[in-house]
Amino acid sequence: MASEIWMGPVLSFRGIARTGKKAVWKVSALVVVPAGQPAPVMVLQGKAVSARRLLSEQPMTGANGKPLKAEVWRHDLSVVMTTKEQRVSYGLQGQADASWRFTVPAQEQAPRMAYFSCNGFSDPKAMKSFKPAAQAVWQDLLNNHDVQFRPSAYVVDREQQWHEERVHKQQLQRFHLLIGGGDQVYMDGVWSDPGLKELKTWTEWDEDQQATYVPPAGLLSRIKAYYLGVYLQRWARSVAGTAGCGQAFATSPTVMMWDDHDIFDGWGSYGPKLQKCPLLQAMFRIAREAFWVFQLQMPSELLPELTDRNPQQAKDPWWAPVDWAAVSKADPLSLAFLPKQAGFSHRLVLPELTLNVMDLRTDRSQLQVLSADTWEAWKSVWKDETPATATGHQLIISSVPVVHPKLSTAETITSWQGDDVVEGLGDDLNDHWAHDRHEDERKRLVRTLMQLAQDAVCRVTIVSGDVHVAAWGNALRKTSTRNVHRINQLTSTAIVHPSLFTWSEKAFLMLLRMKAAFTQDLDTEHQAKLLDFPGTSSTIQATRNWLALEFDADRPKDDAMAMAAVPVQPKRLQGRLWATWRCERAEGFSNHLMAVHPATP
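Just so we're aligned: the sequence shown equals residues 1 to 601 in full-length UniProt numbering.
Listed below in C-alpha cells is the structure:
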C-alpha cells in the first residue's frame, strides 16, 4: 500500500563527514504522514534507507482548521562524494509520482548556494492587495536551479547562460545548498486564528493583565497544533508544474536558522514585563520545538530544556548552557552545534568556505542579541582559526543586517508607543543590530570578525535578510588597505513578503535611502556604510529577491574578469566568491553581480 504524504520531503544538509580520504555529503529528508501509518520506505539510487521518527502521534491544524494527527519522519540520504559532481535520485518505494533529485558537489568542490529569507506574509491584508503572484520569486529560483521546473516557452537570460554549459547541459542542478536566513514560516496569524480566540482576547487586555495570565493546558495544546500545522500548510509540496518552497526544499538540501516570525513578529524585542509573561514564554517554547523538528530536523525527545539560571533577573534571558555533545552522541545526523551555549548556533565546514550560522533569537531581549555564553562560544571557535586550518571564506549567516541605516529618531518615537504584539512598530526597529540599544554589541561583532579575518587570513562576508529590501554594505577598518579588513554584507530579502510597496512604506523607503547615504563611525577605528547596489545608482532596492553564492571554479574559464594571480594560503582553493542578486521587476528579473576576492596576506 502506498504511503500517504502530507508534507515533504524537505531536505536538510547535515555537514560533511570525513574518514581518511572518504567524504560523505550528509543529507536528511523529512516527511509528515498520518499517525498510525508505517514509516514510508524511501529509496536513494534504488536502495532503501534508514528512517528515524522525529515526532509521534502529534495533533496538527490542517487546512481550514481541520484537526489532524500526524507523525514526522527523517530519512538518511547521505551520499559518498567522488571526484566529480553527481546528481542523485530518491523517492518513495512503489510510488512512480514520488521521486526527486538533488546534486552533490565533488569532494573538494566549493558548493553552489542560494540564499532566501522572509518566506510568507506578516499581514493577511497585504496578501490581498499585493498584485504579483505570491510564489513568483520562488518560481524564478526554481527556473535557475533545475530545468525540470521551467515552462516550455522559458527564455534563458545572459546571466543564466553562464551556467548552462557546466550545469544544466551536464544534467546537474545549479545549487547544492539552499540557505534559509530567517522567517521560513510566518506564525503571526496565531493572534487572529478562529480556533485560538483566547489569544485575540489577550491582546485586548492591558499589560498588567497580560503579564499575569497563565494559559491553561488545553490552550497550549491548541497553540502547538497551530504552530506545527503552519509548517504542514506552508511547506506543502506544490503540484507538478507550479512553483513554491516545497519544490525547492525537495530538490536542494537546506540550511536554516530562525528569526522572529518563526516564533511571532518581534519576539525578543518586547519589554521584559511582556517578554517574560507566562503566555509568551510558553509560545516561545512551542515555536522552539517546531523549529527544532521541522527546520533543524532533530528528534523531539532530544530537544534540551531551557533553564533560566537567574529567573529573578528582570531584563535578559540567562539560559544555562546546553550539553550539545550529548545530543550529538545520541544522533549521528545531529548538526554541529557550538558547545557551551543555549541556542542553536552551529557551523558547517566545507571546501573553500565555512558557514557560521548564528542564532540571534534564543538569547534575545531589548538589551542583548547574544548572551555572554554565546559570545564566548563564537569567540572560542573563531580564535582557534589559523591560516593553516581556516577555510578561505567565512560566511556569517546573520538573520538581521549588521550594516543598515541608523534610524535613531524613529526609534525614539516608536519607544513612546509601548509594546503591542499585533500593532506595534517599535519591535521591528529594536530587532536591528544598528539600534542604539544594540550598538555596543554591533561594535563587538565587527571587531571580533575583523580579528578573525586578520588572524586566519580569510575573507569574512555577512549574509543577512529580514528587512524586505536588497542591499550591499561594508564594515571596514579605516586605516587599513588590506582586504581582510573589509567585511562585505550581502542583504537579500524577501522571497515572498512584499517589499515596501504601500504609500507609508514608500515614505519609509525614502527615509532609509536618505540615512543610507551617511557613513557610520562604529568607533575610532571602524566604520560601516551602505554602497550603491551593484548595477544601480541607489543603495536600497525595494524589490523581492533571492541571492546566488558561487565560486570562480563554477564560472566560465574565459571570464573576462578572470581572477588575477593572488597569493593565498596553501591548501585553499583560489576562487572568488560571486554574489548574484535576482531582483523581481515589473516584467522579469534583473541580475546584480559582485565578487569577493580571496584574502591577501
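Beta carbons are placed, not taken as given, at the ideal position from N, Cα and C, and that holds for glycine.
In whole angstroms, give me the CA-to-CA distance for residue i and residue j.
i, j, result
"Trp100", "Pro304", "33 Å"
"Lys169", "Val156", "13 Å"
"Ser269", "Val49", "43 Å"
"Asp521", "Ile487", "15 Å"
"Ala565", "Val596", "Its pLDDT being 36, under 50, Ala565 is placed unreliably by the model, and the measurement read from it follows with that caveat. When rounded, the distance between both Cα atoms is 15 Å."
"Ala528", "Cys583", "24 Å"
"Val402", "Trp202", "34 Å"
"Val327", "Trp292", "13 Å"
"Trp14", "Ala330", "Just to set this straight, residue 14 is Arg in the shown sequence, not Trp. Their backbone Cα atoms lie some 15 Å apart in a straight line."
"Glu439", "His497", "27 Å"
"Arg309", "Trp319", "6 Å"
"Val147", "Gln173", "8 Å"
"Thr600", "Ser192", "54 Å"
"Leu449", "Lys383", "10 Å"
"Pro351", "Leu577", "12 Å"
"Thr307", "Arg288", "14 Å"
"His163", "Gly271", "49 Å"
"Trp581", "Phe294", "27 Å"
"Phe551", "Gln109", "9 Å"
"Ala548", "Tyr115", "6 Å"
"Arg482", "Ile540", "27 Å"
"Ile16", "Val349", "7 Å"
"Gly229", "Ile495", "21 Å"
"Leu177", "His404", "27 Å"
"Asp373", "Val167", "43 Å"
Starting from residue i and walking both ways along the beta strand (DSSP E), at which residues does that stretch end?
i, result
"Thr461", "459-464"
"Asp455", "Counting along the chain, Asp455 falls outside any beta strand (DSSP E), though it belongs to the alpha helix (DSSP H) covering 439-456."
"Glu376", "Here Glu376 belongs to no beta strand (DSSP E); instead the alpha helix (DSSP H) covers 372-383."
"Ala17", "7-19"
"Ala29", "22-34"
"Tyr90", "86-92"
"Thr354", "353-357"
"Val255", "254-256"
"Thr103", "99-104"
"Leu219", "Where Leu219 is concerned, there is no enclosing beta strand (DSSP E), although the alpha helix (DSSP H) it sits in stretches over 217-234."
"Val43", "42-44"
"Val349", "346-349"
Pop quiz: residue i and residue j are said to be a contact at Cβ under 8 Å. What is the actual Cβ separation, rounded to whole angstroms?
i, j, result
"Arg74", "Ser28", "5 Å"
"Glu525", "Lys478", "6 Å"
"Ala470", "Phe518", "So it is not a contact: roughly 20 Å between Cβ atoms."
"Thr61", "Ala225", "5 Å"
"Gly181", "Ser345", "Not really, about 14 Å apart at Cβ, beyond 8 Å."
"residue 618", "Arg347", "Given a span of 1 to 601 for the chain in the structure shown, any question on residue 618 remains unanswerable."
"Gln451", "His485", "The pair is not a contact, with the Cβ atoms about 10 Å apart (cut-off 8 Å)."
"Val357", "Trp433", "With 8 Å as the limit, Val357 and Trp433 do not qualify as a contact, their Cβ atoms being about 16 Å apart."
"Gly465", "Thr491", "7 Å"
Specify, as a first and last residue, the run of the alpha helix (DSSP H) that residue i falls within.
i, result
"Phe508", "503-516"
"Arg285", "278-294"
"Gln148", "No alpha helix (DSSP H) contains Gln148, which DSSP labels as neither H nor E."
"Trp202", "197-203"
"Leu274", "272-275"
"Gln107", "Taken as a continuous stretch (DSSP letters only), Gln107 belongs to no alpha helix (DSSP H), as it is neither H nor E."
"Gly343", "Looking at the DSSP string, Gly343 is not in any alpha helix (DSSP H), and its letter there is neither H nor E."
"Arg158", "158-164"
"Gln173", "Careful: Gln173 lies outside any alpha helix (DSSP H) and carries neither H nor E."
"Ser249", "Per the sequence presented here, residue 249 reads as Phe, with Ser not at that position. Unbroken alpha helix (DSSP H) run through Phe249: 245-251."
"Asp331", "Run containing Asp331: none; DSSP gives neither H nor E here."
Name, in chain order, the residues that DSSP records as bridge partners for residue i.
i, result
"Tyr115", "Ile179, Leu547"
"Thr491", "Ser464, Ala471"
"Pro67", "Thr61"
"Cys583", "Asn545, Ser590"
"His526", "Arg477"
"Trp319", "Asp308"
"Ile397", "Val357, Val463"
"Trp73", "Val31, Arg53"
"Asp521", "Gln527"
"Ala595", "Trp578"
How do the region 364-378 and the region 328-342 stand: do at least 3 beta-carbon pairs fall below 8 Å, yes or no? yes
How about the region 202-216 and the region 253-262: do they share at least three Cβ pairs that are nearer than 8 Å? no
Do the region 47-55 and the region 287-299 touch if we need at least three Cβ pairs shorter than 8 Å? yes
Three or more C-beta pairs closer than 8 Å, one from the region 104-124 and one from the region 179-186: is that the case here? yes
For the pair the region 189-202 and the region 17-27, tell me if three or more CB-CB distances fall below 8 Å. With a cut-off of 8 Å, the region 17-27 and the region 189-202 do not count as touching, because too few Cβ pairs lie within range.
Is the region 200-211 touching the region 277-286 in the sense that three or more CB pairs, one from each, lie closer than 8 Å? yes
For the region 4-22 against the region 30-38, do three or more pairs of beta-carbon atoms, one drawn from each stretch, fall closer than 8 Å, so that the two count as touching? yes
Taking one C-beta from the region 217-236 and one from the region 156-167 each time, how about it: are there three or more such pairs within less than 8 Å? no
Three or more C-beta pairs under 8 Å: does that hold for the region 451-468 against the region 383-395? yes
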